[in-house]
Structure formats: structure tokens, C-alpha cells
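Visitor: Below you'll find the structure I mean.
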Amino acid sequence: MAVNADMDSLLDKAYEKKSLQEILDAPVSALSGVSEDDAEALKKAFNVKTVHDLGRNKYFKAAHALVALKEAGAK
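Letter 56 of the sequence shown, counting from 1, is numbered 55 in numbering that gives the first Met the number 0, and no numbers are missing.
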């Protein structure tokens with residue numbers, strides 16, 4: 000099943016028309032609002048180099064899960 004999503008607001012202009020795989024392989028700075036300095040800090044702190052790395056990082060996944068629990072009403 001093909002999935003379409005408007006990701007333009009989440010991406011730097013240079014990546015708006017790229018494929019999903021190209022975006023996942025891109026540096027974290029491909030995300031709108033993430034600067035080259037931010038990307039370098041993520042690389043140094045968590046060895047995150049690509050959008051894919053960021054999405055699969057255990058610390059970011061744990062934080063996301065905790066926020067989701069809170070938003071679902073967990074105490």
C-alpha cells in the first residue's frame with residue numbers, strides 16, 4: 000500500500016521533493032529547524048548522523064513513548 004503524506008513543513012526546502020528513502024538517508028539537518036550545528040551536536044552526543052538514525056535512536060524512542068503515555072492519560 001502506498002502512503003502519501005505532506006511532509007513539506009517538516010523538511011528543509013532541498014528535501015521536499017525527495018523520496019522517503021532519500022529523506023531517511025539524509026543528514027538530520029534535512030529536517031526543518033535543525034541547523035548544521037544541531038546536527039553536529041546530535042552526532043557528537045548520540046552518534047546520530049541521518050534522519051533514520053534519529054528515528055531509531057533508543058533515547059529519542061524512549062522519550063517519545065513516555066510523552067505518548069502521558070498524552071494517553073497515564074500517571
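Where a beta carbon is used, it is the ideal one built from N, C-alpha and C, also for glycine. Bear in mind the structure is a predicted one, so any value in this text is a computation, not a measurement.
#1: Go through its chain and collect everything with a Cβ distance to LEU9's Cβ below 6 Å, but skip five positions before and after it.
#2: Given that a residue counts as buried once 16 or more other Cβ atoms are within 10 Å of its Cβ, and exposed if not, what is TYR58?
#3: In its own chain, which residues sit with a C-beta less than 6 Å from the C-beta of LEU41, not counting the 5 before and 5 after it?
#4: Quick one: what's got a C-beta closer than 6 Å to ASP7's C-beta in the same chain, skipping five residues either side?
#5: For VAL66, count neighbouring Cβ atoms within 10 angstroms of its own Cβ and tell me buried if that reaches 16, exposed if not.
#6: Between VAL50 and ALA25, how many whole angstroms is the CB-CB distance? I'm expecting something under 8 Å.
#7: How would you call LEU19, buried or exposed, if buried means at least 16 neighbouring beta carbons within 10 angstroms?
Guide: Answer, in terms of the structure:
#1: Once the five neighbours on either side are set aside, the close Cβ partners of LEU9 are SER31.
#2: exposed
#3: VAL27, VAL47
#4: GLU15
#5: Under this definition VAL66 is an exposed residue.
#6: Cβ-Cβ separation between VAL50 and ALA25: approximately 5 Å, consistent with a contact (criterion under 8 Å).
#7: exposed
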